[in-house]
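Only one structure is covered here, and it is reproduced in the block below.
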Amino acid sequence: MRDSLNSVSNSRGLSSPIYSGNSSPARQHSSDEPPARCAELRAFFETAAIPLHWVGPEGTILWANKAELDLLGYSQDEYIGRKISDFHVDHILASEILQRLARGEPLEQRKAQLRCRDGAIKTVLIDSSAFWENGRFVLSQCFSRDITGRELAEQRLALQYSVAEALAQAGPVSEAAVKTLRIIGENSGWDVGVLWILDREIKQLRCLEYWNAPAVKFPNFEALCRKLTFDEGVGLIGRVWACRRPAWIPDLRNDGNFPRASAAESDGLRAACAFPIFLEEEIVAVLELFSREVRPENDEFVKIISAVGAQIAQYLLRKRAEEGLLASERRMQQMMSLMPIGVYTCDASGCINFFNRRAAELWGAEPSPGETEEAFWRKLQLWRVDGTRVLPHETPMAQSMLLGRSVRDEELVIVRGNGEKMVISIEIEPLLDLTGHRFGSISVFQDITKQARADYMSRLLAAIVESSDDAIVSKDLNGVITSWNRGAQRLFGYETHEIVGRSVTVLLPPERLDEEATILDRIRHGLRIDHFETLRRRKNGELIHVSLTVSPVRDQKGRIVGASKIARDISDRKRAEKALHDAKEELARANAELEMRVQERTAKLRETINDLEAFSYTVSHDLRAPLRAIQGYAAAIREEHATSLAPDAIQMLERVSRSAIRLDRLIQDVLTYSRFVRSDFDIGPVDLDMLFHETVANYPEWRSPRVEIKIRDKLPRVLGNEPLLSQCITNLIGNAAKFVAPGTTPRIEIWHEAAGSNVRVCFRDNGIGIDPKDHRRIFGLFERIYSPKEFDGTGIGLSIVRKAVERMGGSIGVDSALGQGSTFWIELPPGDLTGR
Amino acid sequence: MTSLPILLVEDSEDDVFFMKSAFKKAEIANPVYIAEDGERAVELLHEARGSPAQRPPPCLVILDLKLPRLPGLEVLKWIREQPDYRTLPVIIFTSSQDERDVQAAFSRGANSYFSKPSDTASLARLVSLIKTYWLELSILPRSSPEWL
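Heads up: the sequence lines are chains C and G, in that order.
Numbering-wise (numbering that gives the first Met the number 0), the first sequence opens with residue 0 and increments by one.
Numbering-wise (numbering that gives the first Met the number 0), the second sequence opens with residue 0 and increments by one.
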């Protein structure tokens, strides 16, 4: 280094320091003045193009050539004699340089920044060496090379690079703003930076970010910046906004339009500049810089910051696009999440990387991270709608994946975890990037179980309607036919294409046209018409009997939009009805005839009965009269002419009498029997015990000792008729007393017992008995087992008893054998239900 | 009293014969008017009212129901319509035992009803009863009381 210094010194031919004779510092330090012999050298340096100055050991500028003064813009008086450090931007650097020189170390290409008279900063490269005299540091000579232009370009590039880097790495806009402000401030020596954003809503500029150099504080100013907003044209930034170009205030104290002037003043800020930031020709922000020092306007710096402003604009544009994209993506995601259909996306390898809530609901499960859609769907068991199984390679997902094509409206049945079956419709669309490369897929699917069911039902209904024998027709509220089934074709003869779109009135016979208006009116009021029987006209003009049922058809909102009509051909029924009607009339006629005949017959019968009654009257009166006469005369002859008659004649007369008496009894029995057969009897409770004793008392011939009658205990009340019962008792006891072996005293025992719900009254005798083969015969009319010679009787007695018992709702029977006596019994309902 | 006649309305000659025999047996001395049909009975009763000296009114009528010309019930009805015969005892003596005849007879004002017995002995007993009751014991008002 020393050699180098020497060589430099030598090469420059600096054997003595330049002395500036008219500079006051030089005069003050006369002992340090350079030797005069160097005058010509001095003249050379004086006019040299390279800036040069001498500095004394204390840092005082001893001399400077014209080039140096021109470079910095000072006059000799303003420059020479002052401390060199006053002109260095970096004071420390200035003293450092001096110390190095004092130590004997030369300075080579040392970059330094010098302050010009107008406040501008010039960057220079300094080459310096010390001049020694008698081992004493006398002065240093410094050559400065102005590299401001180059430096600025470098600085501009560095700044742009730094800003670009910062903006590229920045997260949110505010972070980017602070970084940018810091870089600009640090790079270009501004103390405060503010980024103002044009708020489009309030149409004012407001502070987005504020930055100041770390070493200093500007509390009043910062607070004001963060608080204030600016209208167009107001203050520095308002001016920039209005003029759309940068503005520069070298000294804030001299500016009339700076509202923050007092705060700036109190915080020690002097210079300011501001730059518009355009985005597509529109101002979106203003960058503002402040310095504690007065700074003249610097075109170069304006250019740099304008370039930086363009970078910021680019950043904002990108940010805005990103934000837009983000917002749109957020919207998209939100939309997908809220969509009432299942949505999911897959990456290029088929892994599900997004699915919305509805998708998870429909699946009834959630795919695990990294699960492929194919594997996930397979778990759900896929079936076709026709019930066949979908094999793994046949699934729409696999097809879409393998062939990279869209799937549209594929219908599948899935079986979810809970076993529930669901019909879904799925669409898969490959996602392609700009180069057409597939980077994933998006699938949407929905539950169409209801629709599928409804579809099935509607197809079923359609089939039912179509195959119905009845005509099923729909029409709108104007009576225009909208559908027409096969039944309707058959019934009315019109083909579907002939009739749909025509008015239903073509089916009405002209005289019934007003029926349609009535029907439509009812339908509009939501009423139906049930089984309305009327006439309709077929295509061939033939009239048919139909039964109409018309119902309103409503849309999903319940509005009546038309009517469905079911027409049934009832011609057959009408014919049947007519036939039935005719048959009924015929029947009525026949009935009337029959009724007449019945009446005739009844009249005849009544006549017959009357005849019969007249007959029995006659029998009782007229037939018995001669018998009485026969008997009477026979008796009279016997009594009055007994003496004149032979004994056998008297005997014969007795026989005549007996025969007559027997015949009379016979006639009376027959009359009794016939009366029992045909007459009506009142049935009621009868005190059998009392009746029995009364009846028996009427017959003296049954009294003991001639007949022994024993009643075991009190006889009950029965339901019957007193005269009939009296007749029964008389006949049964009469028989028992009569049919005994000669010489035997008749013994009759009477008792009662329960026979089911009836009362059985038994009459046991010690008579001759009845052969079981005759048991049935004895109750027949005129049936006799014994001749009148053996046992007198008419053969009607038991018939009368049987008839009487039957008429009372009872029954009669006998237990007997020859020689064993007989037990006759009659059964009658009890007469005292409550008493039993 | 004993001399007053009995009117026997009977179309059967046999029955008239048996009744007369029975009367005799029962020692009934009253004269007997015989009417062989209903009209004749009414005629006789009418005559008896006109000339009580020649033909005094009967003290008892024995009336058969089944009669030629005018049925017994009509005769009975006629008798009860005559103020002077209203209390005249009328005994129905007929072969009918029909309840309807019994009802009809009493409802028209018959005093008694007997079915003709089929044998002589029974008839004799019956006539004897009639004599005792109607001819000897019973007392009848002379003329129609106001309340009838």
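The beta carbon of each residue, even a glycine, is placed where N, CA and C say it ideally should be.
On a predicted model such as this, the values are computed, not experimentally measured, just so you know.
Could you tell me whether the Cβ of residue i comes closer than 8 Å to any Cβ of chain G?
{"i": "D851 (chain C)", "result": "Limits of chain C in this structure are 0 at one end and 835 at the other, which puts residue 851 (chain C) out of reach."}
{"i": "T661 (chain C)", "result": "Note that residue 661 (chain C) is Arg in the sequence shown, not Thr. Answer no: the Cβ-Cβ gap between R661 (chain C) and chain G never drops below 8 Å."}
{"i": "A591 (chain C)", "result": "no"}
{"i": "A624 (chain C)", "result": "yes"}
Where do the ends of the beta strand (DSSP E) carrying residue i lie?
{"i": "T822 (chain C)", "result": "821 to 827"}
{"i": "A284 (chain C)", "result": "281 to 290"}
{"i": "N219 (chain C)", "result": "No beta strand (DSSP E) contains N219 (chain C), which is instead part of the alpha helix (DSSP H) from 218 to 226."}
{"i": "F531 (chain C)", "result": "528 to 536"}
Beta-carbon of residue i versus every beta-carbon of chain C: anything under 8 Å?
{"i": "F92 (chain G)", "result": "no"}
{"i": "S137 (chain G)", "result": "no"}
{"i": "S20 (chain G)", "result": "yes"}
Starting from the beta carbon of residue i, find every residue of chain G whose beta carbon is closer than 7 Å, and list them in chain order.
{"i": "G631 (chain C)", "result": "D13, F17, T119"}
With DSSP collapsed to three states, give me the class of residue i.
{"i": "D836 (chain C)", "result": "Because chain C in this structure spans residues 0 to 835, residue 836 (chain C) falls outside the shown range and cannot be described."}
{"i": "T642 (chain C)", "result": "helix"}
{"i": "Q445 (chain C)", "result": "strand"}
{"i": "A326 (chain C)", "result": "helix"}
{"i": "C727 (chain C)", "result": "helix"}
{"i": "L490 (chain C)", "result": "helix"}
{"i": "V41 (chain G)", "result": "helix"}
{"i": "E750 (chain C)", "result": "Residue 750 (chain C) is actually Trp in this sequence, not Glu. In the structure shown, W750 (chain C) sits in a strand (DSSP, three-state: E or B)."}
{"i": "D785 (chain C)", "result": "Looking at the sequence shown, residue 785 (chain C) is not Asp but Tyr. Y785 (chain C): coil per DSSP, three-state reduction."}
{"i": "H774 (chain C)", "result": "coil"}
{"i": "Q380 (chain C)", "result": "coil"}
{"i": "P699 (chain C)", "result": "helix"}
{"i": "D63 (chain G)", "result": "coil"}
{"i": "F130 (chain C)", "result": "strand"}
{"i": "L251 (chain C)", "result": "helix"}
{"i": "N110 (chain G)", "result": "coil"}
Quick check on the DSSP output: the alpha helix (DSSP H) that includes residue i runs from which residue to which?
{"i": "M689 (chain C)", "result": "687 to 696"}
{"i": "A48 (chain C)", "result": "Taken as a continuous stretch (DSSP letters only), A48 (chain C) belongs to no alpha helix (DSSP H), as it is neither H nor E."}
{"i": "R81 (chain C)", "result": "Careful: R81 (chain C) lies outside any alpha helix (DSSP H) and carries neither H nor E."}
{"i": "R269 (chain C)", "result": "No alpha helix (DSSP H) contains R269 (chain C), which DSSP labels as neither H nor E."}
{"i": "Q53 (chain G)", "result": "No alpha helix (DSSP H) holds Q53 (chain G); DSSP gives it neither H nor E."}
{"i": "I708 (chain C)", "result": "Careful: I708 (chain C) lies outside any alpha helix (DSSP H), inside the beta strand (DSSP E) at 707 to 710."}
{"i": "Y84 (chain G)", "result": "Neither: Y84 (chain G) is in no alpha helix (DSSP H) and is coded neither H nor E."}
{"i": "W240 (chain C)", "result": "234 to 242"}
{"i": "H90 (chain C)", "result": "90 to 101"}
Under a Cβ-count criterion, where at least 16 other Cβ atoms within 10 Å of its own Cβ denotes burial, should residue i be classed as buried or exposed?
{"i": "T495 (chain C)", "result": "exposed"}
{"i": "P771 (chain C)", "result": "exposed"}
{"i": "M396 (chain C)", "result": "buried"}
{"i": "W195 (chain C)", "result": "buried"}
{"i": "G792 (chain C)", "result": "buried"}
{"i": "Y785 (chain C)", "result": "exposed"}
{"i": "V215 (chain C)", "result": "exposed"}
{"i": "Q726 (chain C)", "result": "buried"}
{"i": "H530 (chain C)", "result": "exposed"}
{"i": "G49 (chain G)", "result": "exposed"}
{"i": "G134 (chain C)", "result": "exposed"}
{"i": "F823 (chain C)", "result": "buried"}
{"i": "G103 (chain C)", "result": "exposed"}
If the cut is a Cβ gap below 7 Å, which residues of chain C does residue i touch?
{"i": "K115 (chain G)", "result": "R627"}
In chain G, what lies closer than 9 Å to residue i by C-beta?
{"i": "A635 (chain C)", "result": "F16, F17, S20, T119"}
Compare the C-beta of residue i with all C-beta atoms of chain D and state if any pair is closer than 8 Å.
{"i": "E826 (chain C)", "result": "In the structure shown, chain D does not exist; the protein chains are C and G."}
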